[in-house]
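Chemist: Have a look at this one before I ask anything.
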Amino acid sequence: MISWRAIAAILLVTGPALLAGEIPPDARRSGYAFMGPDTRAMQDDDTANPGMLFVLDGEQLWKKTTGAADKACADCHGDARSSMKGIAARYPAFDKALGRPVTLDQRINLCRADHQQATPLPYESRDLLALSAFVGHQSRGIPITAGDDPQVKPFVDQGRALFMQREGQLNLACTNCHDDNFGKRLAGAPITQGQPTGYPLYRLEWQTLGSIERRLRSCMTGVRAQAYDYGSPELVALQLYLMSRARGLPMETPAVRP
Amino acid sequence: MAALINVPSKARRGEIIEIRTLTSHIMETGFRHTADGTLVPRDIITGFVCRYNGAEIFRADLFPAIAANPYLSFFTVAKESGKFEFEWIGDNGYSSTASASITVG
């Protein structure tokens, strides 16, 4: 007789059941794996990777005092190489005071508001990108664990539902491209699995560093949907699901993409 | 502006070495318009010079079609220990410098 208990045990050790079309964990690959040799070479060489220019700017900002409290990030957090190591790999993370997950960008702005008494930096501003690139860079090579915290489970689920949801005039869901059709091409561009391993990253098309939210918003515009606002609960939930979906893949910040 | 310079710290006399430079700059072409139709003024790096112990060894003119954050790589012969100095100049009085040392043995 087949024991149902044994089946339940198997389900438990293999983690949450995959929905139709979802990529099994051992088949998950960073966007890096889909790039040409030139773009890979650019990402691999820190003196050719333009994202590193932003990391250098972020390092300066880390040491600079600002706001009414006249404090620098470094005054409280010390050497980022140890204090910020692995942090980006577990963001978005649950904020107890707010009762919801916050992204790394939001976390940095919370520190600016609460601890530096400074005005929050606008999304996609050079300074916010530089700080999050600098903090994110300290996690390079560290496996992603965001989404493991049981408190964020409902938000991961919300993000997964959004990922599966068809939208826009083209009526396509994220899953239709990034689960069902990765490895193929959309016009000239390779369709990747949409893994969030390298953000903020340098996109050659943008000629600058950009956040994951900018990327998600352009995927939404691409299917002619109304993109969610920067910092909206939907974008945070999507990021959280993408990070949990990339569980175990190493961080690459700052990556380079075509 | 931030710059990333890649020069070997040591070389043999007479060795051909590669120098790579990457610098921050938006390289605004001067051909783009905002949503309300106003022209975004040109703001680019127009020139780059590299000097090796004071003597110019490489020079480049840059133009609007060059991508943001220009990357330049070139070769030279390691003759003596000393310093490479790099200078970028551009629109609106833009000027930025960097340097790197080499030991030639």
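In the order they appear, the protein sequences are chains D and C.
Quick note on the working numbering: the first sequence kicks off at 14 and runs consecutively.
Quick note on the working numbering: the second sequence kicks off at 92 and runs consecutively.
We put the beta carbon where it would ideally sit given N, CA and C, even for glycine.
None of the values given here were measured: they were computed from a predicted structure.
Enumerate in chain order the residues of its own chain whose CB-to-CB distance from C/Y143 is below 6 Å, with the five nearest sequence positions on each side excluded.
Modeler: Result list for C/Y143: F175, in chain order.
Chemist: With 8 Å set as the bound, which would you pick, yes or no: does the beta-carbon of C/S115 sit closer than that to a beta-carbon of chain D?
Modeler: Yes - at least one Cβ of chain D is within 8 Å of the one on C/S115.
Chemist: I want to see whether chain D comes within less than 8 Å of C/A102, judged by CB atoms only; does it?
Modeler: Not one chain D Cβ lies under 8 Å of C/A102.
Chemist: Can you tell me whether DSSP reads D/T221 as helix, strand or coil?
Modeler: Reduced to three states, the DSSP call for D/T221 is strand.
Chemist: Quick check on C/S192: does DSSP put it in helix, strand or coil?
Modeler: In the structure shown, C/S192 sits in a strand (DSSP, three-state: E or B).
Chemist: At what residues does the beta strand (DSSP E) containing C/C141 begin and finish?
Modeler: Here the beta strand (DSSP E) through C/C141 covers I136 to Y143.
Chemist: Give a yes or no on whether the C-beta atoms belonging to C/E119 and C/D134 are separated by under 8 Å.
Modeler: Taking 8 Å as the Cβ cut-off, C/E119 and C/D134 qualify as a contacting pair.
Chemist: Measuring alpha carbon to alpha carbon, tell me which of D/R125, D/G99 and D/N194 ends up nearest D/V148.
Modeler: Of the listed residues, the one whose Cα sits closest to D/V148 is D/G99.
Chemist: I'd like to know if C/Y162 contacts chain D, where contact means its C-beta is closer than 8 Å to some C-beta of that chain.
Modeler: Yes, its Cβ sits closer than 8 Å to a Cβ of chain D.
Chemist: Find the nearest neighbour of C/N97 within the set C/Y162, C/V195 and C/G196, judged by alpha-carbon distance.
Modeler: For C/N97, the nearest C-alpha among the options comes from C/Y162.
Chemist: Would you mind telling me which residues of chain C sit closer than 7 Å to D/Q220, beta carbon to beta carbon, in chain order?
Modeler: Correct list: A158 and A159.
Chemist: Assuming the contact rule is C-beta atoms closer than 8 Å, D/R237 and D/L183 should be a hit. Round their C-beta distance to whole Å, please.
Modeler: With a Cβ gap of about 6 Å, D/R237 and D/L183 count as contacting.
Chemist: Taking all protein chains shown into account, do 16 or more other C-beta atoms lie within 10 angstroms of the C-beta of C/F154, making it buried, or fewer, making it exposed?
Modeler: Exposed: under 16 other Cβ atoms inside 10 Å.
Chemist: Pop quiz: D/A102 and D/A159 are said to be a contact at Cβ under 8 Å. What is the actual Cβ separation, rounded to whole angstroms?
Modeler: Their Cβ separation, rounded to whole angstroms, is 7 Å, which keeps D/A102 and D/A159 in contact under 8 Å.
Chemist: Just checking: is the beta-carbon of C/R111 within a distance shorter than 8 Å of some beta-carbon in chain D?
Modeler: Yes, its Cβ sits closer than 8 Å to a Cβ of chain D.
Chemist: With 7 Å as the C-beta to C-beta threshold (strictly closer), list the residues of the stretch 27-54 of chain D near chain C in chain order.
Modeler: Answer set for the stretch 27-54 of chain D: empty.
Chemist: Counting only C-beta atoms, is D/D140 closer than 8 Å to chain C at any point?
Modeler: No, D/D140 lies away from the interface with chain C (no Cβ there is under 8 Å from its Cβ).
Chemist: Give the C-beta separation of C/N160 and C/L113 to the nearest angstrom, bearing in mind that I take them to be a contact with Cβ-Cβ under 8 Å.
Modeler: Sure, about 6 Å apart at Cβ, within 8 Å.
Chemist: Mind checking C/V168: buried by the 16 CB within 10 Å criterion, or exposed?
Modeler: Looking at its Cβ environment, which holds fewer than 16 other Cβ atoms inside 10 Å, C/V168 is exposed.
Chemist: Among the residues of its own chain, which have a CB less than 7 Å from the CB of D/I36, if the five just before and after it don't count?
Modeler: Counting only Cβ-Cβ distances below 7 Å, and skipping sequence neighbours, we find D192 and Q206.
Chemist: Anything in chain D within Cβ reach of C/N97, meaning under 7 Å, just list it in chain order.
Modeler: Chain D residues near C/N97: T60.
Chemist: Find out if the Cβ-Cβ distance for the pair C/E140, C/E178 is shorter than 8 Å.
Modeler: The sequence shown places Val at residue 140 of chain C, rather than the Glu named in the question. Yes, the pair counts as a contact, with Cβ atoms nearer than the cut-off.
Chemist: I think D/L69 touches C/A93, with their Cβ atoms under 8 Å apart; what is that distance to the nearest whole Å?
Modeler: At roughly 4 Å, the Cβ-Cβ gap stays under 8 Å, so D/L69 and C/A93 are in contact.
Chemist: Can you find the residues in the same chain that come closer than 6 Å, C-beta to C-beta, to D/S152, ignoring five residues on each side of it along the sequence?
Modeler: Same-chain partners within the cutoff: G99, A101, A102 and M264.
Chemist: Could you check what DSSP says for C/T84 in three-state terms: helix, strand or coil?
Modeler: No answer is possible for residue 84 of chain C: the residues shown for chain C start at 92 and end at 196.
Chemist: Indicate the three-state DSSP secondary structure (helix, strand or coil) for C/T97 in the structure shown.
Modeler: In the sequence as presented, Thr is not what sits at residue 97 of chain C; that position holds Asn. In this structure, C/N97 counts as strand in the three-state DSSP scheme.
Chemist: Cβ atoms of C/A102 and C/I193: under 8 Å apart, would you say?
Modeler: Contact: yes.
Chemist: Per DSSP, which residues does D/P114 bridge with? Please list them.
Modeler: D/P114 is bridged to D/F107.
Chemist: With 16 other CB atoms within 10 Å as the buried threshold, where does D/A106 fall?
Modeler: Looking at its Cβ environment, which holds 16 or more other Cβ atoms inside 10 Å, D/A106 is buried.
Chemist: Would DSSP call D/G261 helix, strand or coil?
Modeler: The answer is coil: DSSP assigns D/G261 none of H, G, I, E or B.
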